[in-house]
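Chains as they are written, first to last, in the numbering used here: chain A, 532 to 857; chain B, 365 to 695. Heads up: the structure comes next, in structure tokens.
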């Protein structure tokens, strides 16, 4: 049974390779190492957010407020930078992460203590967060010339051949890989999603685990908020509009079951990379923009169809693999 | 902020109400009603109106508006202006239809009513002043690119969504005048959906697909900023010129980095100036606003009205390194 998950990742991995070959046949420059590095860098925010979303989905929840959380922390980070240009970037990042985590905690408390369905909670907070951006910014933009050079420069700084943005994504992937496989929190997330009743009998607090999943997703959204605003050097109310759906799509393509309990870090990362390659390839292969949405959508449907076929006998498998790892 | 704005309106209104007897009777009072107070764009329009007032000599400008962009707020303001019996009202409306009844009442009282920037339905005003027209904008966006390409070159369009009406009209108008710009070739049209990340990616894709690309034209404020950032990040400043329609405050960074040589948008100062001139002509010189009429507006030339009593002021105003600093704090 342990072979099961790697097989799915292998399928997705080869799908990405086939996609790259197809794109290369129309535009050879796409597979140049430097361009692939650019594609990865461009996908980094999606990877980070997909990992946070994965944790939430695994616990049978969903977080639709990640993009709004990102936009709000991004706007706050930009406004702090404009107000105090001298503030060191690590401090801004810390503020962004804490702010994001706090907004995630709001979602978490509502789901945990008031037992409101997560989709309703996060639909509500999504709108509230966007509204707050409007309130704090007065609807105005924060523009590149108002931001300090350090603020916009940090994610672009090249370190060992890759921009810092890419390194943050890689670091997050490693941390999550260890967390999901080797820590009590990681295992209880699988248990809660796989079979909540069984999880209760093993002494896991289901609501609390879901709460922490939201906090983790929020913290990552906050971190991405700063990175996003710094990368595109602009902050306004609508940044990353609709991005929450892309994040969920990355998870679904990566084989994370919407019903909870099934999924892996590798899957989420590959799902994000798959979408990232599609998004970066479509502009260069001369496909009519009218077709682009249909193509992205079909990719998601095909992936879900695959997962639905392989989604038999969930729950049981996960608990067994959880036992096996411990 | 909001408290200050509210205070400002109250003071402006109170001043306008109680101060009335102090004005000399022969002063023509023109009210400039804006969408909301405290917006840089309208503050700049007021500057233009003051300029026109100075030029005309006997004009008093009443710059007013609600504290938030609602039609209700504007109706209140306009009612107050009717009570004060101003000579003319020039309004940039928050709602095409909601202001019609109150503006009709103003016209029944003999007050000249025109709309500018954001229009009112024909029943509620004598004429409407558009900042520019679709043919003028379509011509301007290609001219901006062509001006920096004396030997011709490849340009690409970065639009908003495939369905955005104004973008599509501007691009169509641009295609109609391509014959005037020999040597300029439009190699692609891509859509950034007015999202910073998608526009950035599309712009990056354009530079990869067309290594000889000379200019990216983005007639959308999100797209032009994102494309400029993409050009900077790709290290192609000086090779690829980003131009189109944008706001000076948002584009200041792109002009500074050199990613954009120039871009255009209407000039709010000229707009306020022209609105005041038109209101004055209609109210004092007996000019009739009728289809086909040509109404002078001082240094901005004349306004020709179409069948809906609408007219276009001028070409969009071009912003570049020489004037960006004057405008970036305005709007």
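Note that CB positions come from ideal geometry on N, CA and C, so glycine has one too. Nothing here was measured: the structure is a model prediction, and the numbers come from that model.
For residue 601 of chain B, the closest alpha carbon among the candidates B/544, B/622 and B/536 is that of B/622. As for any alpha helix (DSSP H) of minimum length 4 sitting wholly inside the segment 572-657 of chain B, the runs are 585-597, 612-621 and 632-648, ordered along the chain.
With fewer than 16 other Cβ atoms from the protein chains shown falling within 10 Å of its own Cβ, residue 671 of chain B counts as exposed. The alpha-carbon separation between residue 568 of chain B and residue 574 of chain B amounts to approximately 10 Å. Distance from the CA of residue 784 of chain A to the CA of residue 834 of chain A, rounded to the nearest whole angstrom, comes to 5 Å. Cα atoms of residue 443 of chain B and residue 398 of chain B: separation of roughly 14 Å, rounded to the nearest angstrom. Between residue 566 of chain B and chain A, the shortest Cβ-Cβ separation is below 8 Å. The beta carbon of residue 616 of chain B sits closer than 6 Å to the beta carbons of 688 and 692 from its chain, once the five residues preceding and following it are set aside; these are given in chain order. Taking a Cβ-Cβ cut-off of 7 Å, the neighbours of residue 674 of chain A in chain B comprise 613, 614, 616 and 617, given in sequence order.
Per DSSP, residue 668 of chain A is not a residue of any beta strand (DSSP E); the alpha helix (DSSP H) it occupies stretches across 649-668. One Cα belongs to residue 465 of chain B, the other to residue 544 of chain B, and the distance between them is close to 46 Å. In the three-state reduction of the DSSP assignment, residue 721 of chain A falls in the helix class, which pools H, G and I. When rounded, the separation of the alpha-carbon atoms in residue 808 of chain A and residue 570 of chain A is 7 Å. When secondary structure is reduced to three states using DSSP, residue 699 of chain A falls in the helix class.
The beta carbon of residue 644 of chain B sits closer than 8 Å to those of 392, 394, 416, 420, 423 and 452, all from its chain and outside the five residues before and after it, given in chain order. Rounded to whole angstroms, the separation of the alpha carbons of residue 490 of chain B and residue 438 of chain B is 18 Å. Rounded to whole angstroms, residue 567 of chain A and residue 691 of chain A show a C-alpha spacing of 16 Å. For residue 647 of chain B, same chain residues with a beta-carbon under 6 Å away, outside a window of 5 residues either side, are 451, 452 and 476 in chain order. Listed along chain B, no residue sits closer than 8 Å to residue 757 of chain A by beta-carbon distance, the nearest being about 15 Å off. By the criterion of a C-beta distance shorter than 6 Å, residue 454 of chain B is surrounded in its chain by 396, 478, 480, 639 and 643, once the five residues flanking it on both sides are discounted. Between the alpha carbons of residue 694 of chain A and residue 763 of chain A lies a distance of about 14 Å.
For residue 550 of chain B, no Cβ of chain A is located within less than 8 Å of the residue's own Cβ. By the C-beta criterion, the segment 766-778 of chain A is judged not to be in contact with the segment 699-709 of chain A, since fewer than 3 inter-stretch pairs fall below 8 Å. The beta-carbon of residue 810 of chain A is placed less than 8 Å from the nearest beta-carbon of chain B. A straight-line Cα-Cα distance of about 13 Å links residue 591 of chain B and residue 625 of chain B.
By the criterion of at least three beta-carbon pairs nearer than 8 Å, the segment 790-797 of chain A is not in contact with the segment 547-566 of chain A. Taking a C-beta cut-off of 8 Å against chain B, the contacting residues of the segment 547-559 of chain A are 558, listed in chain order. Taking all protein chains in view, the Cβ of residue 627 of chain B is crowded by 16 or more other Cβ atoms within 10 Å, so the residue is classified as buried. In this structure, residue 810 of chain A sits near residue 565 of chain B, with a CB-CB distance shorter than 8 Å.
In this structure the segment 596-611 of chain A does not touch the segment 717-732 of chain A; the number of beta carbon pairs closer than 8 Å is below three.
For residue 482 of chain B, no Cβ of chain A is located within less than 8 Å of the residue's own Cβ. Per DSSP, the continuous beta strand (DSSP E) segment holding residue 428 of chain B begins and ends at 423-428.
Of the residues A/645, A/581, A/552 and A/620, the one whose Cα lies closest to the Cα of residue 742 of chain A is A/645.
For secondary structure counted as the beta strand (DSSP E) over 3 or more consecutive residues, the segment 535-568 of chain B holds these complete runs in sequence order: 548-555. Looking only at B/494, B/462 and B/550, the smallest Cα-Cα distance to residue 434 of chain B is reached by B/462.
Ranked by Cα distance from residue 740 of chain A, the first of A/757, A/711, A/752 and A/621 is A/711.
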